[in-house]
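According to this note's numbering, the sequence shown is numbered sequentially starting from 39.
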Amino acid sequence: FLPATTRLACASAALAGHPLVRLGAWEAQQQGRWPDFPVVCRALSEELERRYPAEANIRLFYVCGEDHYRKCGLTRGISARIGVCVVGRDGREASMAGADPQLVIPVAADAPTAEFSSTKVRAAIATLDKMLPPGVLEVLLAAKARGGGGDDE
């Protein structure tokens, strides 16, 4: 695994100039083990409630692939205030049989994002492949030159 500081630098480079998405470092700054997605979602939901108390109807959605959605049994979302946005593979909408329509939203991924998967991203990172944005590649090459990698910092 890459150290948390390197992962944050990669994510920051990938999001550089994005008009809507911002990087949050909370997850990487936690002591002990890396928090799992329900813990991260609940912490973000609590922070949104703290920052925007007048906006009682803010609903957070966790985005994941159909395989993760099924493995984790997320047909009812994560909680009453945290839903799930499920990205189907191969450009098709994910199957949502038995899902709560208020908490689970199926999305059909369009090319080229339909071709992405966490497995492919990990393989690209391991080989410094072209799937990575130029800024991320620069961060990884610099980390490799410094002997980066290994356990989290």
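Here a beta-carbon is modelled for each residue, glycine too, at the ideal position from N, C-alpha and C.
When secondary structure is reduced to three states using DSSP, Val177 falls in the helix class. Under the three-state reduction of DSSP, Leu86 is assigned to helix. For the pair Glu87 and Ala183, the Cα-to-Cα distance works out to about 42 Å. Between Ala146 and Pro41, the C-beta spacing is not below 9 Å.
In this structure, Gly185 sits away from Ala51, with a CB-CB distance that is not shorter than 9 Å.
By the beta-carbon neighbour count (other beta carbons within 10 angstroms, threshold 16), Ala132 is buried. Here the alpha carbon of Pro76 sits roughly 25 Å from the alpha carbon of Ala161.
Taken in chain order, the unbroken stretches of beta strand (DSSP E) that lie wholly in the stretch 54–113 and span 3 residues or more are 98–103.
For the 9 Å CB-CB criterion, Arg80 and Ile143 do not form a contact. Looking at Tyr90, Ala54, Val124 and Ala49, the one whose alpha-carbon comes closest to that of His106 is Val124. With respect to Val122, Leu112 sits close: the two C-beta atoms are nearer than 9 Å.
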